[in-house]
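In what follows, a single structure is set out as structure tokens and then discussed.
Number of protein chains: 4
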Amino acid sequence: MRVRLLFPTPEIAREFYVPIIYTACRTCYSELEPDEIFRRATSGQVGTAKQQELVKRVIESGHGSTIEHVVFTFAISGVTRTLSHQLVRHRVGVAFDQQSQRYVNYKRPAYMVPGTLEGAEPALRERYVEEMDDALRFYGELLAAGIPGEDARFVMPNATRTNLLMTINLRALIHVSGLRLCTMAQWEIRRLFQLIRHEVFAVSPFLGSFLAPKCVPLGYCDEAGNRDGHCPIRPHKDVVLAAWAEKRDDARRLGRELPTL
Amino acid sequence: MRVRLLFPTPEIAREFYVPIIYTACRTCYSELEPDEIFRRATSGQVGTAKQQELVKRVIESGHGSTIEHVVFTFAISGVTRTLSHQLVRHRVGVAFDQQSQRYVNYKRPAYMVPGTLEGAEPALRERYVEEMDDALRFYGELLAAGIPGEDARFVMPNATRTNLLMTINLRALIHVSGLRLCTMAQWEIRRLFQLIRHEVFAVSPFLGSFLAPKCVPLGYCDEAGNRDGHCPIRPHKDVVLAAWAEKRDDARRLGRELPTL
Amino acid sequence: MRVRLLFPTPEIAREFYVPIIYTACRTCYSELEPDEIFRRATSGQVGTAKQQELVKRVIESGHGSTIEHVVFTFAISGVTRTLSHQLVRHRVGVAFDQQSQRYVNYKRPAYMVPGTLEGAEPALRERYVEEMDDALRFYGELLAAGIPGEDARFVMPNATRTNLLMTINLRALIHVSGLRLCTMAQWEIRRLFQLIRHEVFAVSPFLGSFLAPKCVPLGYCDEAGNRDGHCPIRPHKDVVLAAWAEKRDDARRLGRELPTL
Amino acid sequence: MRVRLLFPTPEIAREFYVPIIYTACRTCYSELEPDEIFRRATSGQVGTAKQQELVKRVIESGHGSTIEHVVFTFAISGVTRTLSHQLVRHRVGVAFDQQSQRYVNYKRPAYMVPGTLEGAEPALRERYVEEMDDALRFYGELLAAGIPGEDARFVMPNATRTNLLMTINLRALIHVSGLRLCTMAQWEIRRLFQLIRHEVFAVSPFLGSFLAPKCVPLGYCDEAGNRDGHCPIRPHKDVVLAAWAEKRDDARRLGRELPTL
């Protein structure tokens, strides 16, 4: 699996992306026209730190439309069809073009070995490799026998590697990263989003800082599968809400009311 | 492959769907309130024929929002993962839930034999069946060896059957049917939409009548691959536009102008 | 302002909506085909209580696609253009058709008086009524003078009433209700969603029970404007997370670790 | 009304936008990985003319996902609320942030005079100006009297000017321009898209060339309101299809078949 951020470059991210989001935020609340807001932001009249402060506050407030204005284009190579089938279920704020098993007659199809098989006993691992090699060899034989590629691909396993171009706006990227960086996400797609986060950090540490498992902005984990708290990133929702309820009850016993009651 | 329309029933389609679309159309152009328009439509004060006439005209005019108000829910069983990967690329106006190869540990996984292999020479067909049986048997062995289902599925071929529940609004259904009923669409997904059309016809011949290859409403075929006109449903765009250009030139030579010039 | 749920009826909601969502949930995790799951759900083989239990758990888990399969169609009458301009900003899972000020040449345009003006001193209230009457009278005069409706409407105030037909799937309805039932939402749109919730409750108390301000499923309020805790529905996020942090620190002081750390 | 394209610059459009679309197109049909395709496109190994040729062919074929990967961000100033209410109905592939009449307490609200009133008899025009001035003055008085901005705005007319930031991907931009550049579109929104097209042309004549009324790619006009052919851009669908039918019948009479029959 390989991920490369094709767009924006660090220069474009720095010169344009924060000013565009800043302009989106300010346009809603100002009598100034958006091109004037943008001019002030890109000319340095409004400093980067001040822009970032507003953008951070707006993102944290959940005013999501403001971060739909900037997009990131990733070249994704060598992921399995299992991953791509999951990935393209994301529908909003994202565009995909994927290598077509219908139109490409593969000369060198490749496949992935999952970690559990990499680490399995040698006989099982070898059997896996043989089966995958065999399936892809049979694919080639079907093509050679005149079966059209769109039918020959029926024998390709889920493990077969594929490539995609994905463009995603920042709102969708934060949302999807929130789901896929969770430790309970499937390992391959989680790995993909770790690489994606790494790429975004490399062009903009500020924008990259918003890519995190959903528990980070929420402050708690809301996964039913983590009620035992085995994932240490954040405490579970049940625990957090129970802590608050206990504190409230303590205060009531002492004849005090918590300010928010 | 099997398709069953779970919702609406013929009664619901008749009593509600055309009146809802009629209400959507009339709301835009009337001082009447939508619940009054709907009351007139469902009480028979405005007859079905008159409602259908307006709905037909509005659909043909491309005023698409009016037909986003009614949805169709299909149980789709036994299609391949190749089909499902294509199908879920449709993003607008459509909802999917699909049998998860991650969460289901299959006891009886099944696969499809494409027509080109059904009709191939027996040795090749048998080889295909063996390979598919072998791949799914190996899947079971991996499960038995303690490999988690989410990794064992890596060996499942594209031909493996899967199930989906799909709900789609009429606008999206007409759009997607336009693409997938085209004779140049991939055979399995084309077959799926032929079954879908059949199901819709069975509950509402009126609404079903709008499900057609895109060339039907366009009046011409716009597929580059059909420049030779091998598909007889509609003449190619190039031929149609050339006929008009020729007629226009004839008229000019005779000193006449066509009315639309 | 008036809201009427045109679809589904209570019977349709009861007989089909919970079984459809149940089928969506089960299709993901079962080898059973979706039409068989649906048959069991609608034949009573699987009881309503058991279906509702699964649906409730899945909604609370955030597995949102399962509740995109059922839709609600509302006739909305007499809301202002201020409201409609906000409302149509919702884009996903929702369809609108709205009375067109371009195409309708109003004979009886109407307007709304906001509560702050209803309750203002009489002179100001009267002035408001005069201005609105005057603006809509001028609209009529422009039409009479031959100005096309699409330009005459330029003088109509935001207070002018309009009608819409809105169809929204349950996922979008829960999301939008979460935002618009918040006590910090603008009063008119909040009122609209109170009426919408009332209508949904009337056809399905079970499904209506999921329509609540977003703080209810979250367990805390995440509105910056409510840091002072003036809204009593839920305590503020800051207070809740602080209570947990305090409890954790107490535990650490006592040499204990909270289980989720 | 003023439109300024804030992003991309001509340099960014030239260096990245065509290569990104080219990469999207080629990824589908190639065993090459997308970052390698992109490297060849941006390094000059594949020339611009060759890239544009493929992109043009793919756009004309309707393979729309490939042009969802590049976006354009426009500062739109001084349009009416009538326009903005229409504009934000576009939902797919587009992001908006708009000046909020709820949150901005306007010191200098402004309004537009439509052409039909600019050209009307002086008394009517003056009356329009007086009414608009009066409405916006009353808005200021309501604010001064302590009515909150979110209610004071109820008296603002549709003609009131507003600002937006709009980001739209190329697929959506071509689609929306197809509708809004039509001579039958409402004049203000048509003017907006003429300015938008002008801005896109200025940064990329190649990409700008795809912004045209929908009749241009279709080859005919499909507007019912243009059955009389008063708009000269393209002949009406009915005329074009009739010309082809006539030619086909002529051929049949002469015992010949047209190739596509």
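Residue numbers (our numbering), protein chains in the order written: chain Y, 1 to 261; chain Z, 262 to 522; chain W, 523 to 783; chain S, 784 to 1044. Note that the Cβ used here is the ideal one computed from N, Cα and C, for glycine as well. Fair warning: this is a prediction, and the values are worked out from it, not measured in the lab.
Exposed or buried, which one is residue i when buried takes at least 16 other CB atoms within 10 Å?
| i | result |
| --- | --- |
| residue 93 of chain Y | buried |
| residue 959 of chain S | buried |
| residue 1036 of chain S | exposed |
| residue 65 of chain Y | buried |
| residue 234 of chain Y | buried |
| residue 230 of chain Y | exposed |
| residue 575 of chain W | exposed |
| residue 961 of chain S | buried |
| residue 625 of chain W | exposed |
| residue 246 of chain Y | exposed |
| residue 480 of chain Z | buried |
| residue 963 of chain S | buried |
| residue 34 of chain Y | buried |
| residue 991 of chain S | buried |
When the Cα of residue i is compared with those of the options, which residue comes out closest?
| i | options | result |
| --- | --- | --- |
| residue 274 of chain Z | Z:431, Z:509, Z:499, Z:506 | Z:431 |
| residue 897 of chain S | S:922, S:941, S:935, S:871 | S:941 |
| residue 434 of chain Z | Z:424, Z:484, Z:460, Z:414 | Z:460 |
| residue 32 of chain Y | S:873, S:832, S:888 | S:888 |
| residue 101 of chain Y | Z:300, Z:265, Z:346, Z:483 | Z:346 |
| residue 786 of chain S | S:813, S:920, S:978, S:831 | S:978 |
| residue 1005 of chain S | S:994, S:993, S:1020, S:838 | S:1020 |
| residue 79 of chain Y | Y:35, Y:161, Y:251 | Y:161 |
| residue 947 of chain S | S:813, S:858, S:850 | S:858 |
| residue 190 of chain Y | Y:87, Y:40, Y:121 | Y:87 |
| residue 272 of chain Y | Y:123, Y:132, Y:97 | Since the displayed chain Y opens at 1 and closes at 261, residue 272 of chain Y lies outside it and no answer follows. |
Nearest-angstrom Cα distance between residue i and residue j?
| i | j | result |
| --- | --- | --- |
| residue 360 of chain Z | residue 549 of chain W | 5 Å |
| residue 770 of chain W | residue 543 of chain W | 40 Å |
| residue 338 of chain Z | residue 10 of chain Y | 47 Å |
| residue 216 of chain Y | residue 240 of chain Y | 14 Å |
| residue 669 of chain W | residue 969 of chain S | 14 Å |
| residue 827 of chain S | residue 8 of chain Y | 19 Å |
| residue 276 of chain Z | residue 303 of chain Z | 7 Å |
| residue 747 of chain W | residue 933 of chain S | 16 Å |
| residue 784 of chain S | residue 62 of chain Y | 30 Å |
| residue 81 of chain Y | residue 852 of chain S | 21 Å |
| residue 854 of chain S | residue 206 of chain Y | 21 Å |
| residue 806 of chain S | residue 153 of chain Y | 23 Å |
| residue 379 of chain Z | residue 142 of chain Y | 13 Å |
| residue 475 of chain Z | residue 503 of chain Z | 20 Å |
| residue 19 of chain Y | residue 55 of chain Y | 9 Å |
Could you check what DSSP says for residue i in three-state terms: helix, strand or coil?
| i | result |
| --- | --- |
| residue 758 of chain W | strand |
| residue 684 of chain W | strand |
| residue 885 of chain S | coil |
| residue 855 of chain S | strand |
| residue 600 of chain W | strand |
| residue 263 of chain Z | strand |
| residue 550 of chain W | helix |
| residue 737 of chain W | helix |
| residue 522 of chain Z | With a pLDDT of only 38 at residue 522 of chain Z, under 50, the local geometry of the prediction cannot be trusted, and the value read off the model is given with reservation. The answer is coil: DSSP assigns residue 522 of chain Z none of H, G, I, E or B. |
| residue 450 of chain Z | helix |
| residue 894 of chain S | strand |
| residue 168 of chain Y | strand |
| residue 732 of chain W | coil |
| residue 666 of chain W | helix |
Short-range partners of chain Z found in the region 679–692 of chain W, where Cβ spacing is below 8 Å: 685, 686, 687, 689, 691
Within 9 Å of chain Y by C-beta, residues of the region 368–389 of chain Z in sequence order: 372, 373, 374, 375, 376, 377, 378, 381, 382, 385, 388, 389
Contact set between the region 549–561 of chain W and chain Z, restricted to residues whose Cβ is under 9 Å from the partner: 549, 550, 551, 552, 553, 554, 555, 556, 557, 558, 559, 560
Interfacial residues, the region 760–771 of chain W to chain Y, with Cβ spacing under 8 Å: 761, 762, 763, 765, 766, 768, 769, 770
Against chain W: residues of the region 83–98 of chain Y by CB proximity under 9 Å: 89, 91, 92
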